[in-house]
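Residue numbers (our numbering): 10 to 775.
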Amino acid sequence: MVPASVVASSPQDTVSYPVVKPGKVGLVLSGGGAKGIAHVGVIKALEDNDIPIDYVAGTSMGAIVGSLYSCGYSPERMMELFTSEGFHYWSTGTIPKDDVYYFTKPEPTPRWLSLNINFKDTASITSQIIPTSLISPLPMNIEFLKLYSPYTEQCGGNFNNLFVPFRCVTSDVFHKHKIVCSKGSLGDAVRASMSFPMVFKPIEMDGVLVYDGGIYDNFPVDVMREDFDPGFIISVSVSSPDEKPNPNDMYSQVEDMIIQNNNYSLPADEGVKIQVPVLDFGVLDFGQARTIYDIGYKTGLAMVDSIKRRTPLRRPLAEVTQRRDSFASATPVVMFDSVVAVGARPNQNRFIEYLFQGQRKGTRFGLKQTQDAYYRAVTDGTLTDLLPQARFGEDGDNTLLLKATVKNPWRIGAGGWISSSTNSMLYLSFGYHTLSFNSLDTDLGLWIGQSYYAAQLSGRFALRTRIPSYVKLEAVISRQKFYDTELLFYETSSPSFITDSELFMRATYCRAFGKRAKGYAALSYGWIDDRYFPYNAGEFTGDKKDRSYYRMAILKLGMDMNTLNDQLYPNAGMQLSGSLWFAHEQNKFIPGVDDGGRPRYNGHWLGSAEVLWRQYFPLHKRFSVGVMGNVLVTLQNLYQNYTATQVHAATFAPTPSTQNYFNPAFCSNNYVALGVVPVWSPVGKLQIRGDFYAYSPMREVVNNGNGVATYGGWFRKMEFIGEAAVVYNFPFASLSVYGNYLSYPARNWNFGINLGLLFHAPRLFR
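So this is what it looks like as structure tokens:
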């Protein structure tokens, strides 16, 4: 017998091995994260050379590759999956933008972090702050159900009945031993095998939390030997024996603490071990999938001659392909007859069941409907986890089991916007949310800043209607100071040019229009108090401001569609919104210089229509171009002076850096604006973006020289905003360094840095 330490790792074997007796060929695949994609390349090399694979055993990433092969996936199909956008989403815990249920998505706020509190168990606050996993399990949950449940039904829960018999390993850390998975839910088995502690959330099997199989057996040669006893074993390792962890790699340090000593050897008389040289890649380097695959393929090809000398067994690729096609044709379409939710309170479980099956009890539904309902259930953030599992009955009645983990109803949040301008602010929020047929969502938001403060109290009540809908009541008070130029930090020597104060109440009815859109009708009543200097030149620190008071009742109708991947700095997706509003306005003007008159309210009717369209088109993997169109048409009066008219008009401020100072060139009751936004994302969440906008009032409001507003000609002027920014989107906030130029006034260059999320409280008008 050849010593176990002798391993065939190149085609130039220095030892003469005996030919293995006829039998079956088993394939063993080690764990190793993204490095495990090399397994696909090795499988491709084996198939291209007619080397059969009769059994598969794997751990962690080896379990994923092995299970896919056992389900009839070809190497090409596996690589399509591993390089797909969908795989990127679930492996990073990102909900695909096309699956976000816009109707239930929370309104954007400056909140960086949110904490759900259980006031009855304050001792558990620490565990509520620290997440159970670095990567959200939500996208992976539904994708594993879609991916594996058809094959679980096809094999009847017996992994020997797959295209290729399969085993994988997971770890029971409570009882300190490994578990070999050979039956039950294939998705659960694979999910358990790859749930590395702290990175992926573990699942329960037989009432015990189970983790990555590599903890106790990262190279399951013994499983292959004991369960299948093949005549020849091909073992593929993408890992290495224990070595000193990298001090700059947190994952490698955790891995060294958790993973037990593993034996990566294979007795030479049992088969061939292939060591793929991919140790320089990280366990999460899935972006290097093609490169890792190529290394695996070349390494596999280099070992083919050695394998062929050791075993006479062959199977033509045409035969494998025919068997694979036959297996695929017998794969069932999974349908469910009923839904059972567990883990929450009884009324919450019933509501979750209703989301999936609605009023159609007794009607079968498939995986597409399941996916739509799943993302509807998790979009609003009420659920920490929702694990869907298929339970197949012997009589053909299939049940969708939903294991729900509901967040505590009380929540607090904090965030804000830190800027080199005077626009910095702190944001605090307090809320209460229930999960039921008529759920209640209440929030108190507070904005506290140098030039802006606001408070918003809102309550949203879900209605039990066939089409999802809700009623929202809110009260908002806000005050914002605008300067005549962009100021750095806080400069008390320059007074605010305009102070805008608002107080209003609003009732809104909203209903869903499909997955990506919602329509609404809102009725508002409120007050606006504008205080301003009637001019913006010269020394006016000792002057008194003019004041314009408005009392308004507004009916607004609108529809929004939004799939943008980020509401502040997007580079993918689309937004389309349109609105109509009708208002009765009463206006009173008090000049800064007492003219002896007695101001009175004057009433009139107003109307407006607005359309906003933004869409980002991918031109390359890391480059996209956004386009924007914005049209506003308003039946609006001219007010007592030019500044009063401009202050009350709509402002075009398309970037965060343009939202803190008053620029009359970009204020109008009627305008057209077009924009182009090229975005280059060289790595990860880093963006280098440009925002370029052309803006033109339909009919210009001009100063006649005496401070009186009059209408000029149609489309008489064109203004321009250009901004370049370097942006990094953290999971909680965005960091941006920018420089911009505005065509008015002359030489209007501005530079600055921002950190946070800039979302103000709702306005009475827009």
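Cβ coordinates follow ideal geometry from the N, Cα and C atoms, glycine included.
Per-residue DSSP class, three states only, for residue i
{"i": "Arg-313", "result": "According to the sequence shown, residue 313 is Val rather than Arg. If DSSP states are grouped into helix, strand and coil, Val-313 belongs with the helices."}
{"i": "Gln-595", "result": "strand"}
{"i": "Gly-721", "result": "strand"}
{"i": "Leu-773", "result": "coil"}
{"i": "Gly-765", "result": "strand"}
{"i": "Lys-114", "result": "coil"}
{"i": "Met-637", "result": "strand"}
{"i": "Gly-601", "result": "coil"}
{"i": "Thr-501", "result": "Low local confidence applies: a pLDDT of 43 at Thr-501 is under 50, so the model's placement there is unreliable, with the coordinate-based value given in what follows. DSSP places Thr-501 in coil when its eight states are reduced to three."}
{"i": "Lys-694", "result": "coil"}
{"i": "Lys-53", "result": "helix"}
{"i": "His-442", "result": "strand"}
{"i": "Glu-709", "result": "strand"}
{"i": "Pro-627", "result": "strand"}
{"i": "Asn-356", "result": "helix"}
{"i": "Pro-673", "result": "helix"}
{"i": "Gln-668", "result": "coil"}
{"i": "Thr-701", "result": "For the record, residue 701 in the displayed sequence is Phe; it is not Thr. Reduced to three states, the DSSP call for Phe-701 is strand."}
{"i": "Pro-274", "result": "The displayed chain sequence assigns Ser, not Pro, to residue 274. Note: Ser-274 maps to coil in three-state DSSP."}
{"i": "Val-182", "result": "coil"}
{"i": "Lys-210", "result": "coil"}
{"i": "Arg-400", "result": "strand"}
{"i": "Glu-279", "result": "coil"}
{"i": "Leu-293", "result": "coil"}
{"i": "Arg-607", "result": "coil"}
{"i": "Met-583", "result": "strand"}
Supposed contact pair residue j and residue i - C-beta distance, whole angstroms, cut 8 angstroms
{"i": "Val-230", "j": "Ser-244", "result": "6 angstroms"}
{"i": "Phe-671", "j": "Ile-507", "result": "5 angstroms"}
{"i": "Arg-525", "j": "Thr-572", "result": "6 angstroms"}
{"i": "Ser-487", "j": "Gly-458", "result": "Not quite, the Cβ-Cβ distance comes to about 11 angstroms (not below 8 angstroms), so this is no contact."}
{"i": "Asn-759", "j": "Ser-666", "result": "6 angstroms"}
{"i": "Asn-784", "j": "Ser-428", "result": "Past the edges of the chain, shown from 10 to 775, lies residue 784, and the structure says nothing about it."}
{"i": "Ala-682", "j": "Asn-639", "result": "4 angstroms"}
Counted within 10 angstroms of its Cβ, other Cβ atoms place residue i as buried (16 or more) or exposed
{"i": "Tyr-499", "result": "Residue placement at Tyr-499 is poorly supported in this model, since its pLDDT is 46, which falls under 50; the coordinates are not used for a value here."}
{"i": "His-184", "result": "exposed"}
{"i": "Ala-530", "result": "exposed"}
{"i": "Arg-756", "result": "exposed"}
{"i": "Leu-453", "result": "exposed"}
{"i": "Met-727", "result": "exposed"}
{"i": "Arg-359", "result": "exposed"}
{"i": "Ser-204", "result": "buried"}
{"i": "Val-24", "result": "With a pLDDT of only 43 at Val-24, under 50, the local geometry of the prediction cannot be trusted, and the value read off the model is given with reservation. Val-24 is exposed by the Cβ-count criterion."}
{"i": "His-769", "result": "buried"}
{"i": "Val-397", "result": "Contrary to the premise, residue 397 reads as Pro rather than Val in this sequence. Classification of Pro-397: buried, given that the 10 Å Cβ count is 16 or more."}
{"i": "Phe-345", "result": "buried"}
{"i": "Lys-377", "result": "exposed"}
{"i": "Asp-555", "result": "buried"}
{"i": "Thr-379", "result": "buried"}
First through last residue of the alpha helix (DSSP H) which encompasses residue i
{"i": "Pro-84", "result": "84 to 91"}
{"i": "Ile-104", "result": "Unbroken run through Ile-104: none, as it is neither H nor E."}
{"i": "Cys-164", "result": "147 to 164"}
{"i": "Ile-144", "result": "No alpha helix (DSSP H) holds Ile-144; DSSP gives it neither H nor E."}
{"i": "Gln-779", "result": "Beyond the ends of the chain as shown, which are 10 and 775, falls residue 779; an answer cannot be given."}
{"i": "Thr-652", "result": "651 to 657"}
{"i": "Gln-331", "result": "326 to 338"}
Proximity winner among the options, relative to residue i (alpha-carbon distances)
{"i": "Phe-439", "options": "Thr-118, Asp-59, Leu-55 and Arg-775", "result": "Thr-118"}
{"i": "Thr-652", "options": "Gly-638, Gly-309, Thr-667 and Thr-719", "result": "Thr-719"}
{"i": "Gly-731", "options": "Ile-697, Phe-768, Arg-708 and Val-685", "result": "Val-685"}
{"i": "Val-735", "options": "Phe-741, Arg-725 and Val-746", "result": "Val-746"}
{"i": "Ile-188", "options": "Glu-152, Pro-159 and Asn-227", "result": "Asn-227"}
{"i": "Ala-484", "options": "Pro-771, Asp-404 and Met-87", "result": "Pro-771"}
{"i": "Ser-690", "options": "Phe-729, Tyr-578, Met-583 and Pro-61", "result": "Tyr-578"}
{"i": "Ala-809", "options": "Trp-536, Tyr-436, Met-214 and Lys-481", "result": "Outside the shown range of the chain, which is 10 to 775, sits residue 809, and nothing can be said about it."}
{"i": "Leu-310", "options": "Asp-59, Asn-650, Ser-617 and Gly-32", "result": "Asp-59"}
{"i": "His-186", "options": "Gly-223, Leu-376, Glu-152 and Arg-176", "result": "Gly-223"}
{"i": "Asp-406", "options": "Thr-372, Lys-412 and Pro-673", "result": "Thr-372"}
{"i": "Pro-61", "options": "Asn-170, Ile-242 and Val-292", "result": "Ile-242"}
Continuous beta strand (DSSP E) stretch holding residue i: start and end
{"i": "Phe-522", "result": "507 to 522"}
{"i": "Glu-476", "result": "It should be pointed out that residue 476 corresponds to Ile in this sequence rather than to Glu. Element bounds for Ile-476: n/a, residue is neither H nor E."}
{"i": "Tyr-559", "result": "555 to 571"}
{"i": "Arg-540", "result": "526 to 541"}
beta-carbon residue i near the ligand MG non-hydrogen atom, thresh 7 angstroms
{"i": "Ser-438", "result": "In the structure on display, the ligand MG does not appear, and there are no ligands present to speak of."}
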